[in-house]
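So the protein sequences, as listed, match chains H and L.
Sequence positions in the first sequence follow the numbering used here and run 38 to 153.
Sequence positions in the second sequence follow the numbering used here and run 156 to 271.
For glycine and all other residues, C-beta sits at the position ideal for the given N, C-alpha and C.
Computed from a predicted structure; not experimentally measured.
Comments concern the structure below.
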Amino acid sequence: AQTVTQSQPEMSVQEAETVTLSCTYDTSESDYYLFWYKQPPSRQMILVIRQEAYKQQNATENRFSVNFQKAAKSFSLKISDSQLGDAAMYFCAYRSAEGGSEKLVFGKGTKLTVNP
Amino acid sequence: KAGVTQTPRYLIKTRGQQVTLSCSPISGHRSVSWYQQTPGQGLQFLFEYFSETQRNKGNFPGRFSGRQFSNSRSEMNVSTLELGDSALYLCASSLVPGGGNTGELFFGEGSRLTVL
Numbered sequence: 038a039q040t041v042t043q044s045q046p047e048m049s050v051q052e053a054e055t056v057t058l059s060c061t062y063d064t065s066e067s068d069y070y071l072f073w074y075k076q077p078p079s080r081q082m083i084l085v086i087r088q089e090a091y092k093q094q095n096a097t098e099n100r101f102s103v104n105f106q107k108a109a110k111s112f113s114l115k116i117s118d119s120q121l122g123d124a125a126m127y128f129c130a131y132r133s134a135e136g137g138s139e140k141l142v143f144g145k146g147t148k149l150t151v152n153p
Numbered sequence: 156k157a158g159v160t161q162t163p164r165y166l167i168k169t170r171g172q173q174v175t176l177s178c179s180p181i182s183g184h185r186s187v188s189w190y191q192q193t194p195g196q197g198l199q200f201l202f203e204y205f206s207e208t209q210r211n212k213g214n215f216p217g218r219f220s221g222r223q224f225s226n227s228r229s230e231m232n233v234s235t236l237e238l239g240d241s242a243l244y245l246c247a248s249s250l251v252p253g254g255g256n257t258g259e260l261f262f263g264e265g266s267r268l269t270v271l
């Protein structure tokens, strides 16, 4: 079974600075998807960024980028120019690319605090 | 376009009772999945429905059940409630199971269940 581990329960960053959230996963599959979801306090979870395992190029979405290391099974999220609105729980998630196995496997999350 | 709507948002039950939670997906979305979120276990997959058929089920006891209607709305039911069932229950919708090639799930704000 696949597992996702986020080793940093909490992180903090100063506004306008850069922070990196760590995620490692375990799988025997070669084709899969990886995601970072953001859950602001009392608001719904939203997708931040996604990465297909077969793509070597790291995904980027505005201030958010990932460092995907397939061999090391590592998938970290970098947030540049941090803003107060970035404060949230961040969840790393894995999804198999095999049909019939579309559930997301989540890590336990990292609580990010942004200090003004 | 309206987002994913979950009702009720908050509810309090006592041990032994049963509860039904409802989820209305984004218009046009035919896949609905349910997750349980607790501080200790994080986010855990409950089940997924597509076109009224359960495609996947997580590792939860038979007290947890669900269904999907022809209009794609979904309900989940927990019978004989236990203290450990206290959690935030999240519903997510997508056009196809697991969000297809994009993998993006659209989450509701959740139903927070407290069992006393």
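Could you pull out every residue in the same chain whose Cβ sits closer than 6 angstroms to the Cβ of residue i, ignoring the five residues on either side in sequence?
i: residue 220 (chain L); result: 232
i: residue 78 (chain H); result: none
i: residue 62 (chain H); result: 41, 110, 131
i: residue 117 (chain H); result: 55, 100
i: residue 240 (chain L); result: 233, 270
i: residue 75 (chain H); result: 83, 85, 125, 127
i: residue 179 (chain L); result: 160, 228
i: residue 141 (chain H); result: 130, 132
Anything in chain L within Cβ reach of residue i, meaning under 8 angstroms, just list it in chain order.
i: residue 54 (chain H); result: Those do not exist, as residue 54 (chain H) stays about 27 angstroms from chain L at its closest Cβ, beyond 8 angstroms.
i: residue 87 (chain H); result: 257, 258, 259
Closer than 9 angstroms by beta-carbon distance: list the chain H residues that pair up with residue i, in chain order.
i: residue 203 (chain L); result: 139, 140
i: residue 188 (chain L); result: 139, 140, 141
Tell me the rounded alpha-carbon separation between residue i and residue j.
i: residue 227 (chain L); j: residue 166 (chain L); result: 23 angstroms
i: residue 69 (chain H); j: residue 235 (chain L); result: 37 angstroms
i: residue 205 (chain L); j: residue 131 (chain H); result: 20 angstroms
i: residue 54 (chain H); j: residue 208 (chain L); result: 47 angstroms
i: residue 38 (chain H); j: residue 214 (chain L); result: 12 angstroms
i: residue 271 (chain L); j: residue 144 (chain H); result: 28 angstroms
i: residue 170 (chain L); j: residue 159 (chain L); result: 29 angstroms
i: residue 17 (chain H); j: residue 119 (chain H); result: With chain H covering 38 to 153 only, the question about residue 17 (chain H) has no answer from this structure.
i: residue 225 (chain L); j: residue 237 (chain L); result: 31 angstroms
i: residue 173 (chain L); j: residue 102 (chain H); result: 44 angstroms
i: residue 222 (chain L); j: residue 252 (chain L); result: 15 angstroms
i: residue 202 (chain L); j: residue 139 (chain H); result: 10 angstroms
i: residue 108 (chain H); j: residue 168 (chain L); result: 47 angstroms
i: residue 111 (chain L); j: residue 175 (chain L); result: Any question about residue 111 (chain L) goes unanswered here, given that chain L covers just 156 to 271.
i: residue 93 (chain H); j: residue 114 (chain H); result: 16 angstroms
i: residue 182 (chain L); j: residue 199 (chain L); result: 25 angstroms
With DSSP as the reference, identify every bridge partner of residue i, one or two as the case may be.
i: residue 233 (chain L); result: L:174, L:219
i: residue 197 (chain L); result: L:193
i: residue 241 (chain L); result: Answer is none; residue 241 (chain L) lacks a bridge partner.
i: residue 50 (chain H); result: H:151
i: residue 87 (chain H); result: H:72
i: residue 63 (chain H); result: H:40
i: residue 187 (chain L); result: L:204, L:248
i: residue 143 (chain H); result: H:130
i: residue 257 (chain L); result: Looking at the DSSP assignment, residue 257 (chain L) forms no beta bridge with any residue, so it has no partner.
Which first and last residues belong to the beta strand (DSSP E) in which residue i is found?
i: residue 103 (chain H); result: 101-106
i: residue 129 (chain H); result: 125-133
i: residue 267 (chain L); result: 266-270
i: residue 212 (chain L); result: 208-212
i: residue 161 (chain L); result: 160-162
i: residue 169 (chain L); result: First-last for residue 169 (chain L): undefined, no H or E at that position.
i: residue 121 (chain H); result: Unbroken run through residue 121 (chain H): none, as it is neither H nor E.
i: residue 113 (chain H); result: 111-116
Once you ignore the five residues that flank residue i on each side, which residues in its own chain have a CB closer than 7 angstroms to its CB?
i: residue 254 (chain L); result: 260
i: residue 242 (chain L); result: 191, 192, 193, 268
i: residue 123 (chain H); result: 116, 149, 151
i: residue 91 (chain H); result: 68
i: residue 112 (chain H); result: 60, 62, 71, 88, 103, 105, 129
Looking only at its chain, what residues have a beta carbon closer than 8 angstroms to the beta carbon of residue i, apart from the 5 residues adjacent to it on each side?
i: residue 98 (chain H); result: 85, 86
i: residue 52 (chain H); result: 119, 120, 121, 151, 152, 153
i: residue 262 (chain L); result: 159, 245, 246, 247
i: residue 265 (chain L); result: 161, 164, 192, 243, 244, 245, 246
i: residue 45 (chain H); result: 58, 59, 147
Going along chain L in order, which residues have a C-beta closer than 7 angstroms to the C-beta of residue i?
i: residue 128 (chain H); result: 198
i: residue 72 (chain H); result: 258
i: residue 146 (chain H); result: 197
i: residue 132 (chain H); result: 253, 258
Counting only Cβ pairs nearer than 9 angstroms, list the residues of chain L close to residue i.
i: residue 39 (chain H); result: Within 9 angstroms Cβ-Cβ: nothing; residue 39 (chain H) doesn't reach chain L, min ~11 angstroms.
Could you work out which residues of chain H lie near residue i, taking near to mean beta carbons separated by less than 7 angstroms?
i: residue 252 (chain L); result: 139
i: residue 264 (chain L); result: 80, 81
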